[in-house]
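Residue numbers (the working numbering): 1 to 219.
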């Protein structure tokens, strides 16, 4: 039976489009040369709504509150780092506590984005509330605003971040990270192509995590 024929609609968060999705799809096309893919990029809440209405087969998103019909499984974690302008008083620090910057003007992702949810939760756990100065829709916009000296932010170490004139600092706080996983509707019919691609995605990120862990140990 031919297993790589069919179409898969995949939704994913903006930040994954910079490096993760290109790497995933490059290898997917080698594994499934006859499979067709429809890709949709947006924030997590929009992606999840499209999944629930049947517009998408699967999603790669952070965990959000969804209907009981949606399955979500964790694939990997991303640490969140403090980014500050080059002339910031914390610029020479390797690690800081959240209390050291919690009251500063904060450049935030807009509500409805899973990253905002995680940042809000981190601040709440540490006993603080975000002092939001500006909100943006994409992480590169956030980095640009921080570079301009308009505030600080907490973001994952995305591809291209090193090109901005900012300092990247580790945060000494519990669970300063976000989880990213795979979502699909539990009771929806799945084609053979979709089932195959789901298994491929699991395998891809298990291997990716193991490779990165080995690199860290060797380093």
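Just so you know, even glycine gets a beta-carbon here, dropped at the ideal spot from N, CA and C. Only a predicted model underlies this, so the values are computations on that prediction, with no experimental measurement involved.
Assign residue i to buried or exposed, taking buried as 16 or more other Cβ atoms, counted over all protein chains shown, within 10 Å of its Cβ.
{"i": "residue 10", "result": "buried"}
{"i": "residue 189", "result": "exposed"}
{"i": "residue 22", "result": "exposed"}
{"i": "residue 79", "result": "exposed"}
{"i": "residue 157", "result": "exposed"}
{"i": "residue 240", "result": "With the chain covering 1 to 219 only, the question about residue 240 has no answer from this structure."}
Looking at C-alpha atoms only, which residue of the options is the closest neighbour of residue i?
{"i": "residue 163", "options": "57, 147, 155", "result": "147"}
{"i": "residue 97", "options": "185, 133, 81, 157", "result": "81"}
{"i": "residue 105", "options": "134, 77, 120", "result": "134"}
{"i": "residue 154", "options": "171, 95, 206, 195", "result": "171"}
{"i": "residue 68", "options": "206, 183, 195, 198", "result": "183"}
{"i": "residue 45", "options": "27, 117, 101", "result": "117"}
{"i": "residue 39", "options": "159, 12, 201", "result": "12"}
According to the Cβ coordinates, are residue i and residue j closer than 8 Å?
{"i": "residue 142", "j": "residue 176", "result": "no"}
{"i": "residue 152", "j": "residue 47", "result": "no"}
{"i": "residue 6", "j": "residue 127", "result": "no"}
{"i": "residue 55", "j": "residue 181", "result": "no"}
Pairing CB atoms from the region 111-118 with CB atoms from the region 53-62, are three or more of them under 8 Å? yes
Does the pairing of the region 89-101 with the region 14-29 give three or more beta-carbon distances under 8 Å? Of all C-beta pairs linking the region 89-101 to the region 14-29, fewer than three are shorter than 8 Å, placing the two stretches out of contact.
Segments assigned alpha helix (DSSP H), at least 4 residues, entirely inside the region 16-61: 20-31, 44-52
Identify every run of the alpha helix (DSSP H) within the region 132-207, keeping only runs that are complete inside it and at least 4 residues long; order them along the chain. 139-147
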